[in-house]
Amino acid sequence: MRISLVSCNAWRAHVSDKRNVCDMYNCLVHKGVLKDEPGQRLMVQACTRLADSVKKHKAQCVEGGWHSSWVQKERSGRWSTTLYNCFNRYGGTAWMGSLKRMGTGVIRYAFHDATTRDVGICWPENIGVEKKTGLYLWGDVGIGKTLVMDLFELSEDLPLNKRRDHLHSFMCDLVLRLQRAEAVGAKGPLSPIDFVVTDILDESPILCLDEVQTIDVTHASLLNAFLSRALPRGLVLFATSNRPPQDLTSISDSFARCVPLLWHYCDVVHCDNIRDYRENASPSHHGSLFLHPNTVENAAELVRRVERGFVGSPMWVKGATIWLYGRELTVPYHCGGVALFDFCDICRGLGPPDFQCIAKTFHTIIITNIPNISGLDRNAAQQFVILVDELYQFNVKLLFTSEGPWDRLLRSEVGNPMNTFDDCYTEGVDERSVHEAHHTFRNKEELLSFGRIESRLKEMGCRHYLLRDHKHFVISDYSFTALVL
Numbered sequence: 001m002r003i004s005l006v007s008c009n010a011w012r013a014h015v016s017d018k019r020n021v022c023d024m025y026n027c028l029v030h031k032g033v034l035k036d037e038p039g040q041r042l043m044v045q046a047c048t049r050l051a052d053s054v055k056k057h058k059a060q061c062v063e064g065g066w067h068s069s070w071v072q073k074e075r076s077g078r079w080s081t082t083l084y085n086c087f088n089r090y091g092g093t094a095w096m097g098s099l100k101r102m103g104t105g106v107i108r109y110a111f112h113d114a115t116t117r118d119v120g121i122c123w124p125e126n127i128g129v130e131k132k133t134g135l136y137l138w139g140d141v142g143i144g145k146t147l148v149m150d151l152f153e154l155s156e157d158l159p160l161n162k163r164r165d166h167l168h169s170f171m172c173d174l175v176l177r178l179q180r181a182e183a184v185g186a187k188g189p190l191s192p193i194d195f196v197v198t199d200i201l202d203e204s205p206i207l208c209l210d211e212v213q214t215i216d217v218t219h220a221s222l223l224n225a226f227l228s229r230a231l232p233r234g235l236v237l238f239a240t241s242n243r244p245p246q247d248l249t250s251i252s253d254s255f256a257r258c259v260p261l262l263w264h265y266c267d268v269v270h271c272d273n274i275r276d277y278r279e280n281a282s283p284s285h286h287g288s289l290f291l292h293p294n295t296v297e298n299a300a301e302l303v304r305r306v307e308r309g310f311v312g313s314p315m316w317v318k319g320a321t322i323w324l325y326g327r328e329l330t331v332p333y334h335c336g337g338v339a340l341f342d343f344c345d346i347c348r349g350l351g352p353p354d355f356q357c358i359a360k361t362f363h364t365i366i367i368t369n370i371p372n373i374s375g376l377d378r379n380a381a382q383q384f385v386i387l388v389d390e391l392y393q394f395n396v397k398l399l400f401t402s403e404g405p406w407d408r409l410l411r412s413e414v415g416n417p418m419n420t421f422d423d424c425y426t427e428g429v430d431e432r433s434v435h436e437a438h439h440t441f442r443n444k445e446e447l448l449s450f451g452r453i454e455s456r457l458k459e460m461g462c463r464h465y466l467l468r469d470h471k472h473f474v475i476s477d478y479s480f481t482a483l484v485l
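What follows is the structure, encoded as structure tokens:
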């Protein structure tokens, strides 16, 4: 597979001469790529406010001589930079040493409480922030939240490095960094998570997280630990979600302490009354890419279709091995940048790190024998959701055979999963056991995920998506035009 390594964005070709999100959006509307939506324009304006606030706050850091991750790298072992400068200015080195030792035994809270008052210390994060240095967009699926994040990622009016990740990808990286920090052995008052926060802030002080959701209790706890440390230290967070911040605790209270921080540091914007922009997307090709039922003939038809795009004669390789994060992954069949999987191989035997590895390696994926997702066990259904999220994030083309029509793949027999909340959740007195209630909340989160994935599948079968370059590389030995003929 001949490739050129670049960072591709679906909108770059349309807005290459624009520097900020507002100008980019106006350009896309003027060219007819997007329709002018008042709700989307509100999201764009929120990005402008965020950029202005961050630039002003950064200037204050420089002028005031504050020690910030935006200005210079964190000094090893100093977990309270504002207090450090204050004490050091008045010769309080001994005081700072005592403060460090005392801090190791005190639980730090985002806001005042009995514990911090008893100690008699006002931590920097308790002082509050004058301007918001984050943005949290939430609303229904398909209204353009990810689109606005794409434009923000392209914007050049913030002279700071940006990191853009889907939540699943970010959590995989966070776990890997923690394992490395624990293997090295964190010394001093800093815990492994503190070292990880420092590394991430040094690399990119702006973090864009797409589709924030807390389905996994362990990841919710880890995300809480990261954000509760990173936000007070200057992290600029741009997050999108289908949930308001307070609803991120529906699975577990492990994320509860982070919710006040999100409201405190982020401009929380509810995006509603916006048409699903995918409803009016470019011509669709679902009928030739998402085939049903699961038959050998349909699988062979998909293989023939992708083979038309190769430059030269295609040669399929069986049992190739790829690597990511030290993990070995066997691909049943692949030909250049195209990989072929059976559903049981990819969604019952692999996990999020493997999906990320696949999405970063291949530009086109064929999956055969997909059953009705809503009828699967919870783990397999969630794996399919994560897989589609990862493929979508990297502009990977997806073809598959399924048990039923693609637009019914994630729906129960009674209809749209988004209309079945009343069947899963009731207010007031609840006689269910703890396990049953937990299962119900998990179902509600899964239904939200199903709605998002159905909307994304709708876009992944459209011409404008099928002709996009892969996010990380440009392919020179394959023509995506074969997928839309």
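Take the sequence shown: its position 300, counting from 1, is numbered 300 in the UniProt record's numbering, and each next residue is one higher.
In this text, a Cβ means the ideal position worked out from N, Cα and C, and glycines have one as well.
The secondary-structure analysis by DSSP pairs residue 163 across a beta bridge with 207. Annotation for residue 361: 322 place their beta carbon closer than 6 Å to its own, counting only its chain and skipping 5 residues before and after.
The DSSP-derived three-state label of residue 266 is coil.
By the CB criterion at 8 Å, residue 342 and residue 368 fall inside the cutoff. Residue 312 sits exposed, since fewer than 16 C-beta atoms from the chains shown fall within 10 Å of its C-beta. In this structure, the alpha-carbon of residue 156 lies about 16 Å from that of residue 45. In this chain, the alpha helix (DSSP H) harbouring residue 25 covers 21-30. Distance from the Cα of residue 473 is smallest, within the candidate group 190, 395, 449 and 356, for 395. Residue 293 has its alpha-carbon roughly 34 Å from the corresponding atom of residue 33. Under the three-state reduction of DSSP output, residue 370 falls in the strand class.
In terms of CA proximity to residue 162, 202 leads the group 379, 202 and 181. Taking C-beta separations shorter than 6 Å and ignoring five residues to either side along the sequence, residue 140 has no partners in its chain.
Residue pairing from DSSP places residue 339 in a beta bridge opposite 334 and 365.
Contact fails between the region 366-381 and the region 246-266, because fewer than three Cβ pairs, one in each stretch, are under 8 Å apart. Spatial neighbours of residue 224 in its own chain (CB-CB distance under 7 Å, excluding positions within 5 residues in sequence) are listed in chain order as 254, 255, 257 and 258. In this structure, DSSP gives residue 323 an extended state, which the three-state scheme calls strand. Beta-bridge analysis with DSSP links residue 397 to 364. For residue 216, the closest of 383, 268 and 263 by C-alpha to C-alpha distance is 383. Excluding sequence positions up to five before and after residue 399, its CB lies within less than 6 Å of the CB of 289, 302 and 366, all in the same chain and listed in chain order.
In the DSSP annotation of this structure, the continuous segment of the beta strand (DSSP E) that includes residue 137 starts and ends at 134-139.
A check of alpha carbon separations from residue 333 across 364, 482, 445 and 353 identifies 364 as the nearest. For residue 296, the enclosing alpha helix (DSSP H) starts and ends at 296-307. Secondary structure of residue 214 (DSSP, three-state): coil. Between residue 451 and residue 16, the alpha-carbon positions lie close to 32 Å from each other. With fewer than 16 other beta carbons inside 10 angstroms of its own, residue 273 counts as exposed.
Of the candidates 158, 317, 240 and 327, the residue whose Cα lies closest to the Cα of residue 165 is 240. Taking 8 Å as the cut-off, the beta carbon of residue 266 is found no closer than this to the beta carbon of residue 144. Inclusion of residue 352 and residue 168 in the CB contact set at 8 Å is warranted, their separation being smaller than that value. Classified as buried, residue 158 has 16 or more neighbouring CB atoms from the shown chains inside 10 Å of its CB. Leaving aside the five residues that flank residue 213 on each side, none in its chain has a CB nearer than 6 Å to its CB. In the structure shown, the three-state DSSP call for residue 54 is helix.
Bounds of the alpha helix (DSSP H) holding residue 288 are 286-289.
C-alpha of residue 220 to C-alpha of residue 171: approximately 10 Å in a straight line. Taking C-beta atoms as the reference points, residue 235 and residue 401 fail to come closer than 8 Å.
DSSP places residue 448 within a helical segment (H, G or I) once states are collapsed to three.
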